[in-house]
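For the sequence shown, counting from 1, position 170 maps to 176 in our numbering; every step adds exactly one.
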Amino acid sequence: MAIQWFPGHMNVTKKAILERIKDIDVVIELLDARLPGSSANPMLAEMTGTRRKLKVLNKQDLADPEQTEAWLAWYRAQSDTGAIALDAGDTAPAQRLIAACRELAPHRGGMAKPLRVLICGIPNVGKSTLLNTLVGKKAAKTGDEAGVTRIEQRINLASDFYLFDTPGMLWPKIVVEKSGYHLAGSGAVGRNAYDEEEVALELVNSLKGRYPQLLAARYRLEDVDALPGLHDDVILTEIGRKRGAVMSGGRVNMQKAAEIIINDFRSAILGRITLETPAQFEAWRAADEAAEAERQLKKQLKAPRAKAPRAPRPPRNPEAAGQ
Ligand code: G4P
Numbered sequence: 007m008a009i010q011w012f013p014g015h016m017n018v019t020k021k022a023i024l025e026r027i028k029d030i031d032v033v034i035e036l037l038d039a040r041l042p043g044s045s046a047n048p049m050l051a052e053m054t055g056t057r058r059k060l061k062v063l064n065k066q067d068l069a070d071p072e073q074t075e076a077w078l079a080w081y082r083a084q085s086d087t088g089a090i091a092l093d094a095g096d097t098a099p100a101q102r103l104i105a106a107c108r109e110l111a112p113h114r115g116g117m118a119k120p121l122r123v124l125i126c127g128i129p130n131v132g133k134s135t136l137l138n139t140l141v142g143k144k145a146a147k148t149g150d151e152a153g154v155t156r157i158e159q160r161i162n163l164a165s166d167f168y169l170f171d172t173p174g175m176l177w178p179k180i181v182v183e184k185s186g187y188h189l190a191g192s193g194a195v196g197r198n199a200y201d202e203e204e205v206a207l208e209l210v211n212s213l214k215g216r217y218p219q220l221l222a223a224r225y226r227l228e229d230v231d232a233l234p235g236l237h238d239d240v241i242l243t244e245i246g247r248k249r250g251a252v253m254s255g256g257r258v259n260m261q262k263a264a265e266i267i268i269n270d271f272r273s274a275i276l277g278r279i280t281l282e283t284p285a286q287f288e289a290w291r292a293a294d295e296a297a298e299a300e301r302q303l304k305k306q307l308k309a310p311r312a313k314a315p316r317a318p319r320p321p322r323n324p325e326a327a328g329q
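So this is what it looks like as structure tokens:
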């Protein structure tokens with residue numbers, strides 16, 4: 007069973023972003039560096055259109071540095087897109103954000119043409135933490151503006167640099183099943199939306215191929231080379247056994263084992279891990295597009311056929327019709 011995540015509809019957020027975006031030069035999208043593709047909301051891409059974009063891979067301290075570089079390069083290769091990596095340990099994020107945005111929009115700047123930037127991100131990606139750092143150290147928070155959503159706030163990072171917080175909630179959107187598991191593993195979707203054992207098994211599945219050494223080291227699993235070939239539940243059972251999640255009778259408590267590995271992943275006790283590569287994410291997206299096209303086709307085939315327009319009846323009395 008995939009993740010059952012049905013966030014509230016986002017019409018209000020969408021409307022507010024569309025309203026705000028008219029006066030925005032650069033859109034910052036805050037992503038989780040451990041799952042950049044899955045933590046992006048595709049709706050935002052639709053709304054921002056041709057606006058310049060800055061992808062900020064946040065929580066880089068938890069992610070695999072090599073993969074973070076790969077994601078940064080992938081984003082930078084896209085048109086009108088910049089990318090930087092950041093984490094809460096950065097004491098001066100404002101300078102890096104300002105520099106990256108100015109590079110994307112060199113035509114803006116100075117009091118007459120201040121650079122206007124919108125910051126967006128799904129919950130738990132670290133937006134409040136970053137905004138608090140920006141407000142606390144560098145910026146003056148100007149609070150609500152008349153005429154815009156009540157919760158929207160503007161932060162002046164420089165006299166000619168305005169940062170607007172997203173009006174409303176930008177919920178994650180589960181595009182493919184794997185993304186759902188990654189979002190659940192990272193803690194970005196509500197606890198009631200998933201089964202921990204399933205999420206843990208998917209986590210094991212992702213980790214055994216790319217980070218078998220980290221699994222072996224943390225849980226003292228003996229044969230690291232054999233890990234990629236083992237079934238996920240065999241590995242999770244062994245993790246539970248090694249960590250003492252054993253019930254009376256010697257059976258492993260799989261729920262407990264699942265909680266252990268999920269917590270170890272979230273806190274990076276397992277090590278710095280990135281769950282997806284740009285190539286993998288592209289492949290998932292292509293599969294999703296193909297599935298969507300198939301769904302649409304099936305829908306069309308199921309829909310009752312539109313009636314063909316009736317041919318006009320021949321007149322009853324040809325003479326009266328002038329024939
Ligand atoms: P949000 O506004 O986008 O919803 O996210 P928020 O800032 O509340 O951050 C969500 C969690 O992620 C918080 O942890 C926060 O401390 C943590 N976090 C934010 N940025 C970073 C980062 O760059 N690196 C790491 N390692 N963690 C980060 P929490 O456990 O939910 O709360 P707390 O007890 O730590 O405050």
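All C-beta atoms in this analysis are idealised placements derived from N, C-alpha and C, irrespective of residue type, glycine included.
Just so you know, these numbers come straight off a predicted model, no measurement behind them.
Along the chain, where does the alpha helix (DSSP H) that runs through Thr-54 open and close?
-> Residue range 48-54 is occupied by the alpha helix (DSSP H) that includes Thr-54.
If you scan the region 248-306 from start to end, which runs of the alpha helix (DSSP H) of 4 or more residues do you find wholly inside it?
-> Whole alpha helix (DSSP H) segments, 4+ residues: 260-272.
Regarding Val-131 and the ligand G4P, is the C-beta to nearest heavy atom distance less than 6 Å?
-> Yes, the beta carbon of Val-131 sits closer than 6 Å to at least one heavy atom of the ligand G4P.
Would Leu-41 pass as a contact of Ser-134 if the rule is Cβ separation under 7 Å?
-> Cβ distance not < 7 Å, so Leu-41 and Ser-134 don't count as in contact.
When the distance is taken between beta carbons, is Trp-290 closer than 7 Å to Val-182?
-> In contact: Val-182 and Trp-290 (Cβ atoms closer than 7 Å).
Taking all protein chains shown into account, decide if Gly-43 is buried (16 or more other Cβ within 10 angstroms of its Cβ) or exposed.
-> The C-beta of Gly-43 has 16 or more other C-beta atoms within 10 Å across all chains shown, which makes the residue buried.
Starting from the C-beta of Gln-219, find all residues in its chain whose C-beta is less than 8 Å away, skip the five residues before and the five after it, and write them out in chain order.
-> Excluding residues within five positions, the ones whose Cβ falls inside 8 Å are Val-230.
Of the listed residues Phe-170, Gly-277 and Glu-72, nearest to Ala-22 (C-alpha basis) = Checked all of Phe-170, Gly-277 and Glu-72; the closest Cα to Ala-22 is Phe-170.
Start-to-end residues for the beta strand (DSSP E) that takes in Ala-83 = Segment: none, Ala-83 is in no beta strand (DSSP E) and carries neither H nor E.
Leaving out the 5 sequence neighbours to the left and right, which residues in its chain are closer than 6 Å to Tyr-187 when beta-carbon positions are compared?
-> Correct list, in chain order: Val-205 and Glu-208.
Sort out for me which residues DSSP pairs Asp-239 with in a bridge.
-> In DSSP, Asp-239 forms no bridge with anything.
Quick one: does the C-beta of Leu-68 sit closer than 6 Å to a heavy atom of the ligand G4P?
-> Result yes, Cβ under 6 Å from the ligand G4P.
Consult DSSP for Thr-155 and reduce its assignment to one of helix, strand or coil.
-> The predicted position of Thr-155 is uncertain, since its pLDDT is 32 and thus under 50; a value taken from the coordinates is nonetheless stated next. Residue state, collapsed to three classes: coil.
Can you tell me which of the three DSSP states Gly-127 falls into?
-> Strand at Gly-127.
Using the beta-carbon count (16 or more within 10 Å), is Gly-256 buried or exposed?
-> Exposed, because fewer than 16 other Cβ atoms sit within 10 Å of the Cβ of Gly-256.
Around the Cβ of Gln-66, are there at least 16 other Cβ atoms within 10 angstroms (buried) or fewer (exposed)?
-> Gln-66 should be labelled buried.
Is Ala-94 near the ligand G4P, going by C-beta to nearest heavy atom under 6 Å?
-> The answer is yes for Ala-94.
Quick one: residues in its chain with C-beta nearer than 6 Å to the C-beta of Val-33, no 5 flanking neighbours on either side, listed in chain order?
-> Answer for Val-33: Thr-54, Arg-57, Lys-59 and Leu-124, listed in chain order.
So what does Asp-96 bridge to, in DSSP terms?
-> DSSP output for Asp-96 lists no bridge partner at all.
Return the residue from the list Ile-27, Ser-212 and Pro-112 that minimises the CA-CA distance to Ile-241.
-> The option with the nearest alpha carbon to Ile-241 is Ser-212.
Please report the Cβ distance between Asn-64 and Leu-37, rounded to the nearest whole angstrom; I am assuming they are in contact, meaning their Cβ atoms lie under 8 Å.
-> Rounded to the nearest angstrom, the Cβ distance from Asn-64 to Leu-37 is 7 Å, consistent with a contact under 8 Å.
Could you give the uninterrupted runs of the alpha helix (DSSP H) lying entirely in the region 10-35, keeping only those of 4 residues or more?
-> Taking only runs of at least 4 residues, the alpha helix (DSSP H) segments lying wholly in the region 10-35 are 17-27.
Should Asn-64 be listed as close to the ligand G4P, given that the test is whether its C-beta is under 6 Å from any heavy atom?
-> With a threshold of 6 Å, the Cβ atom of Asn-64 counts as near the ligand G4P, since some heavy atom of the ligand is closer than that.
Could you confirm whether any beta carbon from chain D is found closer than 7 Å to the beta carbon of Ile-161?
-> As a matter of chain content, chain D is missing from the structure shown, which is built from one protein chain.
Since I believe Pro-120 is in contact with Asp-166 (beta carbons under 8 Å), could you give me their beta-carbon distance rounded to a whole number of angstroms?
-> About 4 Å separates the two Cβ atoms, so the contact holds.
What is the DSSP secondary structure of Val-210, reduced to helix, strand or coil?
-> Looking at Val-210 - three-state DSSP - the assignment turns out to be helix.
What residue does the alpha helix (DSSP H) around Tyr-187 start on, and which one ends it?
-> Bounds of the alpha helix (DSSP H) holding Tyr-187 are 183-192.
Identify, in the order they occur along the chain, each residue of the same chain with its Cβ nearer than 6 Å to the Cβ of Ala-264, setting aside the five sequence neighbours on each side.
-> Contacts found: Glu-202, Glu-203 and Ala-206.
Collapsed DSSP secondary structure at Lys-61 in the structure displayed | Here Lys-61 carries a strand assignment [DSSP, helix/strand/coil].
Contact test: Ser-134 Cβ vs the ligand G4P heavy atom, cutoff 6 Å = Yes, Cβ of Ser-134 sits closer than 6 Å to a heavy atom of the ligand G4P.
The alpha helix (DSSP H) with Tyr-225 in it runs from where to where?
-> Looking at the DSSP string, the run of the alpha helix (DSSP H) that includes Tyr-225 is 218-225.
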